[in-house]
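One structure is given here, and the rest of the page talks about it.
In the numbering used here, the protein residues as written are 2 to 614.
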């Protein structure tokens, strides 16, 4: 319904989840519980999307037209997803033929086109998919054009002239009823004439600093999946390769241009065993090993970050034990280790570290409506080469960075508890209510934070910040998250709330932590004609407790209205929306503290038409 040109419109409404940056898509960075960058695990079809650009450039390029679902696992101590992920996991699954074909359908397709007024965004996509015996396939293309962006209050963010092209190929083959093999190939190309810093706002626009920016994202995946006699998945092998290249075309000011390239190779092998031991419970034991290796290449003019490689590997095991009286105990253990190999000759040396990471979760479902759980676990995250080795000084930059060769891995102990409540016929025989609440406390040692350590006078203003990534010896984090839903008849209501605070345990100083946020939706369905109307609200409190004052932001409230019309038994659908209805001028709180208050997108009229056959 939101007709997103990026995934941020939907994700920003989740508790403690944000896609922050300026209005440019290239500057949007995902965050979970205040963690960003390599502190959260980004995955697309099981392949890691690693990236590290000091929180000012998007780590994820994927067209929403290709997304089937996004799973967000908030919180650290994930055993099965892999190393890192202090803040959580964002796992994206793309469309395939099986997910789009209706029962009994052998061939299908869809054509979609739309427009958004705020950024002159025209978009279109086409998909064709089918199934022939044991073989299925999908081929999809999507393209978008961009223009200068109208910001809240009427100011325009310019230049932002570009286009993107994206393609997806999926092939699948059922070897038999229990074994399946899948191959996927994704391609994304973004070409845009803009500032080399995508989070740069209109007030600092100088045409001489703008140049053509090209970002290309490629991904190849191969999956082998097995199922047991009951149809439960009990084994999976994933092989993948991803590559992102961000290039700057030379211009009169930057005659050399430059590029940052990250190429990742990895695999994940996982196997599950199911056993029933009577009084000792029904067990699902899952064990596995995963590995990836990053290859960093920096040729950007003026950058002093050395080329480097980093490999990370881990082994893990988890047992999910279901006892009588609806009690489930899930102990798990993983071992992770990393090795970093910076380019020699720059006074740098190899580094290595590892950790044993236990986790245990206990849940109880006393009734059909209630489920209560408690968990404790450890998590671990290695510093990236850019965090430890970046050394960027000079008057021509928005900010300077000082390297820190003594950075240590982050580690955290997480205590979490919560409940879910789901009830039909709560107040009437036609209603359904659900509530999910979570509270957490984290004790983090060696938390890596971007800290302002000085000031300099540069080309883009006086008193510009000098930053360094540092380990905060001891930080504490606590928060609550709430999501509720209520449906009665044709009415539907959603309400979510999040609250988080992060402090330096030694000094009491407020560290990076997103402000309190409320998201609410109210919708009404006209089932006879296939029309749904929705009103959305997002209210964000002021962030006035960050010790890095330049990051603080005032509160704001944004309103949207949305409509979708899909007549019964018709192959087409029409979506219409007005986002930021009252043209609110607001700025999001974000990690990239090199930026001042640059507004987000203003009022935008959105229209989309799709036809499926």
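Glycine residues also receive a C-beta, built at the ideal position from the N, C-alpha and C atoms.
For the pair of segments examined, the region 490 to 509 was found not to touch the region 575 to 590: the number of CB pairs separated by less than 8 Å stays below three. With 16 or more other CB atoms across the displayed protein chains lying within 10 angstroms of its CB, residue 400 is buried. Distance between residue 605 and residue 239, taken at the CA atoms: about 40 Å. Within the region 543 to 613, the complete beta strand (DSSP E) segments at least 3 residues long are 557 to 566, 573 to 580 and 605 to 613, listed from N- to C-terminus. When the alpha-carbon of residue 190 is set against those of 440, 308, 165 and 21, the nearest one is in 165. Using a Cβ-Cβ distance cut-off of 8 Å, the region 513 to 520 and the region 31 to 40 are in contact, since at least three pairs of beta carbons, one from each stretch, lie closer than that value.
Secondary-structure assignment with DSSP links residue 145 through a beta bridge to 124 and 165. DSSP, reduced to helix, strand and coil, places residue 510 outside both helices and strands of the structure shown, so it counts as coil. In the structure shown, residue 281 adopts helical secondary structure according to DSSP, grouped into three states. Three or more Cβ pairs drawn from the region 42 to 52 and the region 227 to 247 lie within less than 8 Å of each other, which places the two stretches in contact. CA-to-CA, the gap between residue 408 and residue 343 works out to about 14 Å. When only Cα atoms are considered, residue 62 and residue 19 end up about 16 Å apart. Spanning the alpha carbons of residue 402 and residue 459 requires a straight line of approximately 13 Å. Here residue 543 is exposed, its C-beta having fewer than 16 other C-beta atoms within 10 Å. Where residue 113 is concerned, the enclosing beta strand (DSSP E) starts and stops at 108 to 117. Counting along the chain, the unbroken beta strand (DSSP E) around residue 212 starts and ends at 211 to 228. For residue 374, the pairing in a beta bridge is given by DSSP as 364 and 419. Membership of residue 388 in the alpha helix (DSSP H) is indicated by the continuous run 386 to 390.
The region 124 to 132 makes no contact with the region 69 to 85; the number of CB pairs closer than 8 Å stays below 3.
About 4 Å separates the beta carbon of residue 339 from that of residue 383, a gap short enough to meet the 8 Å contact definition. Judged by beta-carbon spacing, residue 173 lies within the 7 Å limit of residue 137, meaning their Cβ atoms are closer than that value. The continuous stretches of beta strand (DSSP E) do not include residue 6, and DSSP gives it neither H nor E. In this chain, the alpha helix (DSSP H) harbouring residue 99 covers 98 to 101. In the three-state reduction of the DSSP assignment, residue 246 falls in the strand class. The criterion of a C-beta distance shorter than 7 Å is not satisfied by residue 482 and residue 423. If you draw a straight line from the Cα of residue 157 to the Cα of residue 359, it is about 50 Å long. If you keep only unbroken beta strand (DSSP E) runs of at least 3 residues inside the region 13 to 95, you get 18 to 21, 30 to 33, 41 to 45, 68 to 75 and 89 to 95.
Under the three-state reduction of DSSP, residue 476 is assigned to strand. Residue 568 sits exposed, since fewer than 16 C-beta atoms from the chains shown fall within 10 Å of its C-beta.
Under the three-state reduction of DSSP, residue 456 is assigned to strand. Closest by C-alpha distance to residue 591, out of 558, 550 and 614, is 550. Within its own chain, the residues whose Cβ lies closer than 7 Å to the Cβ of residue 506, once the five positions on either side in sequence are excluded, are 475, 476 and 477, listed in chain order. Counted as a single uninterrupted DSSP element, the beta strand (DSSP E) harbouring residue 182 occupies residues 180 to 196.
Cβ-Cβ distances below 6 Å link residue 108 to 131 in the same chain, with the five nearest sequence neighbours on each side left out; the list follows chain order. In the three-state reduction of the DSSP assignment, residue 484 falls in the strand class.
Nearest to residue 454 by alpha-carbon distance, out of 445, 467 and 241, is 467.
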